[in-house]
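Engineer:
2 protein chains.
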Amino acid sequence: MVNRKINYKMHKYSIGIDFGTLSGRAVIVNTTTGEEEAVALHEYTHGVMDEKLPDGTPLGVDWALQHPQDYLDVFRITIPEVITKAGVTPGQIAGVGIDFTACTMLPVKADGTPLCFLEKYMGRPNAWVKLWKHHAAQEEANRLNSIAEERGEKFLKRYGGKISSEWMIPKIWQTVNEDPEIYDAAERFIEAADWVVWQLTGEETRNTCTAGYKAIWHKHDGYPHDMFFRALHPKMEKLADEKLSRILLPMGTRAGTISEAGARMTGLNKGTAVAVANVDAHVSVPAVGIISPGKMLAIIGTSTCHMILGDTEKEVPGMCGVVEDGIIEGFFGYEAGQSCVGDHFQWFVDNCTTAEYKAEADSMGIDLHTLLTEKAARLLPGESGLLALDWWNGNRSVLVDVDLTGMIVGMTLTTRPEEIYRTLIEATAFGTRMIIETFEENGVPVKEFYAAGGIAEKNPFVMQIYADVINREIKISGSPQAPALGSAMFGAVAAGKEAGGFDTIMEAAAIMAKVKESTYKPVGKNVLVYDRLFAEYRILHDYFGHGSNDVMKRLKLIKKEVRN
Amino acid sequence: MVNRKINYKMHKYSIGIDFGTLSGRAVIVNTTTGEEEAVALHEYTHGVMDEKLPDGTPLGVDWALQHPQDYLDVFRITIPEVITKAGVTPGQIAGVGIDFTACTMLPVKADGTPLCFLEKYMGRPNAWVKLWKHHAAQEEANRLNSIAEERGEKFLKRYGGKISSEWMIPKIWQTVNEDPEIYDAAERFIEAADWVVWQLTGEETRNTCTAGYKAIWHKHDGYPHDMFFRALHPKMEKLADEKLSRILLPMGTRAGTISEAGARMTGLNKGTAVAVANVDAHVSVPAVGIISPGKMLAIIGTSTCHMILGDTEKEVPGMCGVVEDGIIEGFFGYEAGQSCVGDHFQWFVDNCTTAEYKAEADSMGIDLHTLLTEKAARLLPGESGLLALDWWNGNRSVLVDVDLTGMIVGMTLTTRPEEIYRTLIEATAFGTRMIIETFEENGVPVKEFYAAGGIAEKNPFVMQIYADVINREIKISGSPQAPALGSAMFGAVAAGKEAGGFDTIMEAAAIMAKVKESTYKPVGKNVLVYDRLFAEYRILHDYFGHGSNDVMKRLKLIKKEVRN
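Sequences listed follow chains A and B, in order. The working numbering runs 1 ahead of the 1-based position in the first sequence. The working numbering runs 1 ahead of the 1-based position in the second sequence.
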């Protein structure tokens with residue numbers, strides 16, 4: 002991105018704000034040229050609170066909270082900053098869009114005031130924002146799943162058979178169980194994504210994306226029946242009507258416009274269009290130009306999220322969810338995931354590289370990942386004789402089983418660290434191929450493959466392996482902040498063509514979406530070897546993953562028992 | 002052992018000499034008290050020649066040769082040294098016994114002169130001693146095995162279905178193939194064990210132990226039929242009669258007495274009894290007091306060798322061999338093995354421990370094995386959730402398959418190096434248990450368990466795991482040089498009771514054999530957990546080892562193909 006000093010006085014701009022796990026980032030984009038003119042970043046003052054509340058109240062194991070003020074500070078600081086950096090006026094801003102981690106949710110009063118802002122609730126953990134990776138509602142998730150199964154709830158199929166502890170309903174149920182007074186005081190439970198939009202517009206709206214993927218909402222069936230909620234807890238019977246909302250706005254629509262208060266906070270003009278809230282991964286889909294079925298986007302970082310559009314609602318085993326209008330209005334948005342990718346490689350570096358390699362990396366002034374990559378890049382596919390199952394953090398898609406664990410086979414006394422490192426990378430690529438093939442086998446074709454995220458952008462070695470393993474050309478996001486760009490695109494659509502934006506996300510994509518010119522193309526002879534290795538991966542995947550030998554679960558059980 | 006200055010003038014002594022891979026070691030033992038009075042060590046001047054001959058002739062891949070003069074130097078140096086150290090006279094030495102690595106073999110003239118001592122053959126690799134770990138006859142071993150299978154040779158069953166490339170016949174066949182002139186010039190092919198005895202006594206003798214375990218000899222069937230040897234190579238048809246010998250002496254008999262030349266070389270009196278040669282592992286059996294069936298001895302070092310006596314000849318799947326009179330006269334000596342034990346743990350330390358652990362070990366002034374052991378010892382059995390197949394170097398017993406490779410399952414993002422380290426140790430213990438159970442299931446009971454070798458003597462952590470896994474008390478060799486002690490015992494038997502020795506190895510064992518007072522006893526609650534883990538090990542052992550999924554072999558095949 003070039004920080005041009007030229008002031009396109011006649012041009013219009015759009016601002017996208019991406020709320021991540023540790024910081025928020027704004028980008029300002031020229032809606033005529035598609036150019037990203039400036040970015041600004043604000044790190045959350047309170048970061049992730051996983052040990053104690055601001056007042057010192059200690060938190061339990063697996064808690065992960067955030068402070069809503071940090072989100073408002075992102076608006077307050079980054080919006081004026083990008084406007085100034087870009088050298089434009091607030092009047093040139095046609096629209097604003099935001100995306101957020103999800104499910105990141107909080108209890109608020111009917112006027113939007115977070116309960117944690119009220120002195121009487123400040124010391125109560127359940128009054129705060131539960132971040133996506135808050136895992137303390139696992140017990141509730143487990144019970145929810147068995148109740149749903151017993152009742153034969155058909156929604157389970159849309160989520161690969163399991164509702165995650167990270168999602169909305171288990172997080173609310175935890176509040177009921179642990180602190181019913183907070184549950185009663187909460188007039189609304191809302192995604193942080195929707196809450197920050199509310200702070201800009203002054204009106205509560207909710208989006209179909211988070212509702213569909215994280216709160217068990219369906220375009221035609223709505224939320225689960227009141228009787229299901231009642232089966233969880235009598236207090237929750239009327240949850241959908243009383244504390245959620247049955248009105249959901251699809252992606253690409255306008256949530257409202259900047260309010261008086263919103264204008265004071267951001268420096269934007271009152272009346273500027275604000276898009277319906279979105280999710281960081283999902284908003285990246287149009288940012289790389291995907292606006293039609295058959296094109297998968299993988300956001301590859303510590304974990305991987307896969308998204309693809311379809312024309313119809315299919316039941317694909319092990320997907321994380323399918324939501325009509327959940328990504329692009331008019332299509333079914335499918336999501337799948339791998340729970341351990343960059344984390345996997347980091348585990349290896351942290352636990353399995355020698356002092357010799359550390360010294361070698363230090364002497365070359367590079368980090369261990371770079372050293373291992375250099376060594377691993379000299380190996381041919383199949384040369385190590387190794388094969389792994391990438392389940393160090395369980396398997397999300399397509400097995401949906403957190404109790405699966407890692408496996409590696411083929412070691413000899415001459416096996417070297419870089420061979421294992423490469424094998425772990427290949428294992429995650431095989432995991433992606435398994436997801437692709439599962440989609441295809443179930444009527445959702447995957448013709449093209451796009452990638453975004455830290456690993457996709459920075460690691461050509463990994464991406465070439467992915468191209469060879471999946472035997473598809475890989476196109477890489479052209480923007481280093483794909484989610485913020487996608488949000489800016491939806492901001493421009495919320496503004497509409499007349500106001501200098503676009504009438505549809507397709508039109509916005511034509512100008513604003515971008516991928517890098519250079520792509521990763523599969524190399525024929527590598528593809529042939531990886532086809533053979535993938536056949537082996539699939540056999541082991543099915544053996545360990547589909548119940549032929551539940552050794553992984555039994556080992557976990559033994560581990561649990563001996564520790565007690 | 003105490004180097005007593007008291008000269009028991011009335012006592013008799015016996016000397017045992019153990020020829021290892023890099024050195025020879027003599028021990029002198031009082032046959033009245035059983036005390037080991039002194040030891041002496043001589044490192045081979047030429048060590049293992051695996052790159053070139055003494056004249057610079059380069060060697061191929063997988064060659065491993067030795068120099069016969071080094072063996073004679075062991076006699077010349079260590080025998081006088083132990084006599085002097087013990088403060089006794091040559092007249093007090095009742096007998097001498099030796100043991101050797103096997104199959105370590107050489108071509109000699111009819112008078113015992115090694116071909117490599119003759120100037121015309123000095124530059125010819127096949128003229129030298131092929132050490133046990135010379136692996137350059139693999140091609141011959143493979144062809145031998147297929148020819149034997151085609152011909153339906155029943156001897157295969159006695160060796161777990163496969164003749165190893167380390168053994169006598171493949172090593173001889175390599176000579177025929179590569180240097181037929183050396184084959185023709187060789188009037189005898191002989192185990193170095195028997196050759197060194199010949200150098201002491203002046204008479205060629207051969208022992209049933211090496212012939213039985215390494216040269217496909219059987220007490221009743223003899224060597225394979227001439228037609229089998231002819232099928233290998235026409236030149237080899239009369240091998241058994243012309244270049245080996247059909248006269249074999251059982252363990253515990255006398256090979257002869259010290260000759261004039263032997264006396265000059267060693268300082269021993271002419272006429273001193275010399276025992277029939279033995280093998281290092283096998284000779285250790287009576288050294289720990291095992292002289293009857295039901296007691297297994299495991300020599301646990303870089304690899305493990307298991308020996309047990311039986312009353313009858315049973316076919317036990319995957320054993321390395323069963324030889325009548327092969328260990329103790331009157332019994333069937335069974336041998337089994339694990340090809341990767343200490344090597345396994347060393348691989349882990351060399352390849353998979355972090356710079357942090359190295360720094361921690363350095364700061365404590367301990368090595369990485371010690372550090373990992375300290376950390377691993379804090380874990381409970383089963384606590385890691387990990388399980389491995391100990392096949393990093395293939396599987397000798399009970400699967401007899403060099404193409405099997407390592408496997409580990411159960412890793413999560415919190416798995417630590419010491420957990421993997423402990424798992425690899427447990428895997429070798431499960432491998433031992435698999436061998437024990439296979440013996441028992443096939444009619445060879447294993448009631449007691451003894452251990453010798455570096456790991457058995459020095460690593461209580463490993464040995465406690467073994468005791469818990471096999472659920473048997475483990476007795477440890479009382480001598481740090483069990484093989485040399487065993488040889489001294491056979492030397493005393495060669496002398497006989499009248500000359501101050503013993504008439505049988507049983508009598509010798511009653512005085513001279515020793516085990517440590519403290520033993521490793523299974524801990525009940527650990528046994529229960531390991532029973533469950535072993536059940537899992539067995540399932541994976543059978544799945545990967547018995548053809549349900551030959552992924553390990555296919556990965557090796559791919560590895561081989563892509564490297565070419």
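The beta carbon of each residue, even a glycine, is placed where N, CA and C say it ideally should be. As the structure is a prediction and not an experimental result, all values here were calculated from the model.
1) Taking Cβ positions only, does A356 of chain B come closer than 7 Å to chain A?
2) According to DSSP, V516 of chain A sits in a beta bridge with which residue or residues?
3) I need the boundaries of the alpha helix (DSSP H) containing A430 of chain A, first residue and last residue.
4) Can you list the alpha helix (DSSP H) stretches of 4 or more residues lying completely in the segment 351 to 427 of chain A, in chain order?
5) Applying the criterion that 16 or more other CB atoms from any shown protein chain within 10 Å of the CB defines a buried residue, is V494 of chain B buried or exposed?
6) Under 7 Å between the Cβ atoms of E238 of chain A and R231 of chain A?
7) Please classify H283 of chain B: is it buried, with 16 or more other beta-carbons within 10 angstroms of its beta-carbon, or exposed?
8) Beta carbons nearer than 8 Å to chain B: which residues of the segment 366 to 389 of chain A have them?
9) Between A:A137, A:Y160, A:H135, A:G263, which lies nearest to N146 of chain A when the distance is taken from Cα to Cα?
10) Are the segment 99 to 111 of chain B and the segment 14 to 28 of chain B touching, with three or more C-beta to C-beta distances below 8 Å?
11) Taking only the alpha-carbon atoms, compute the straight-line gap between G395 of chain B and K560 of chain B and give it to the nearest angstrom.
12) Compare the C-beta of R569 of chain A against all C-beta atoms of chain B and say whether one is closer than 7 Å.
13) Residues of chain A with a CB under 9 Å from the CB of M123 of chain B: which are they?
14) Which residues does DSSP list as the beta-bridge partners of L107 of chain B?
15) Along chain B, in chain order, which residues have C-beta atoms closer than 9 Å to that of M408 of chain A?
16) Quick one: what does DSSP say G290 of chain A is sitting in, helix, strand or coil?
17) Less than 7 Å between the beta carbons of V463 of chain A and I456 of chain A, yes or no?
18) What first and last residue would you give for the alpha helix (DSSP H) that runs through C210 of chain A?
19) How would you list, in chain order, the residues of chain B whose beta-carbon sits under 9 Å from the beta-carbon of I540 of chain A?
20) Consider the Cβ of C353 of chain B: report whether some Cβ of chain A lies at a distance smaller than 7 Å.
21) Could you tell me which of B:A87, B:C210, B:A186 sits nearest to D1 of chain B, measuring between CA atoms?
22) Which runs of the alpha helix (DSSP H) spanning at least 4 residues fall entirely within the segment 505 to 555 of chain A, listed in chain order?
23) When the distance is taken between beta carbons, is F333 of chain B closer than 7 Å to L425 of chain B?
24) Considering only residues of the same chain and omitting the five flanking positions on each side of K1 of chain B, which have a CB-CB separation below 6 Å?
25) Going by the CB atoms, is the gap between C117 of chain B and W129 of chain B shorter than 7 Å?
26) Can you tell me where the alpha helix (DSSP H) holding N143 of chain B begins and where it ends?
27) Is the CB of K557 of chain B under 7 Å away from at least one CB in chain A?
28) Quick one: what does DSSP say M320 of chain A is sitting in, helix, strand or coil?
29) Please report the distance separating the alpha-carbon of G525 of chain A from that of A509 of chain A.
30) Reducing DSSP to helix, strand and coil, say where E325 of chain B ends up.
31) Please look up how many angstroms separate the CB atoms of T32 of chain B and D74 of chain B, rounded, as I've assumed it's under 8 Å.
32) Strictly by DSSP, which residues pair up with R564 of chain A?
33) Chain A partners of T416 of chain B, CB-CB under 8 Å?
34) Are the CB atoms of I301 of chain B and A430 of chain B within a distance shorter than 7 Å?
35) So which residues on chain B does A344 of chain A lean against when the C-beta distance must stay under 8 Å?
36) By the DSSP assignment, the alpha helix (DSSP H) with L42 of chain A in it spans what residues?
Structural biologist: Taking the definition as stated:
1) Yes, because at least one Cβ of chain A sits closer than 7 Å to the Cβ of A356 of chain B.
2) A:S478
3) Unbroken alpha helix (DSSP H) run through A430 of chain A: 418 to 442.
4) 356 to 365, 369 to 378
5) buried
6) yes
7) buried
8) L381, P382, G383, E384, S385, G386, L387, L388
9) Considering only alpha carbons, the answer is A:Y160.
10) Segments in contact, yes.
11) 16 Å
12) Chain A is shown only over 2 to 565; residue 569 of chain A falls outside these bounds and no answer can be derived.
13) None at all; the shortest Cβ gap to chain A is about 33 Å.
14) Note: L107 of chain B is bridge-paired with B:I191 in the DSSP secondary-structure output.
15) Result: M408, I409, V410, G411, M412.
16) Three-state DSSP puts G290 of chain A in coil, outside helix and strand.
17) yes
18) Taken as a continuous stretch (DSSP letters only), the alpha helix (DSSP H) holding C210 of chain A covers 209 to 215.
19) N550, V552
20) yes
21) For chain B, the structure presents residues 2 to 565; residue 1 of chain B sits outside this window and is missing.
22) 506 to 513, 525 to 546
23) no
24) As shown, chain B starts at 2 and ends at 565. That puts residue 1 of chain B outside it, with no answer to give.
25) yes
26) In the DSSP annotation of this structure, the continuous segment of the alpha helix (DSSP H) that includes N143 of chain B starts and ends at 139 to 151.
27) yes
28) M320 of chain A: coil per DSSP, three-state reduction.
29) 36 Å
30) strand
31) About 27 Å separates the two Cβ atoms, so there is no contact after all.
32) Assignment of beta-bridge partners to R564 of chain A by DSSP yields no partner.
33) W348, N352, W393, G407
34) no
35) The residue you asked about is not Ala; residue 344 of chain A is Asp in the sequence shown. What D344 of chain A touches in chain B: L414.
36) It is not in any alpha helix (DSSP H) - L42 of chain A instead sits in the beta strand (DSSP E) that spans 37 to 44.
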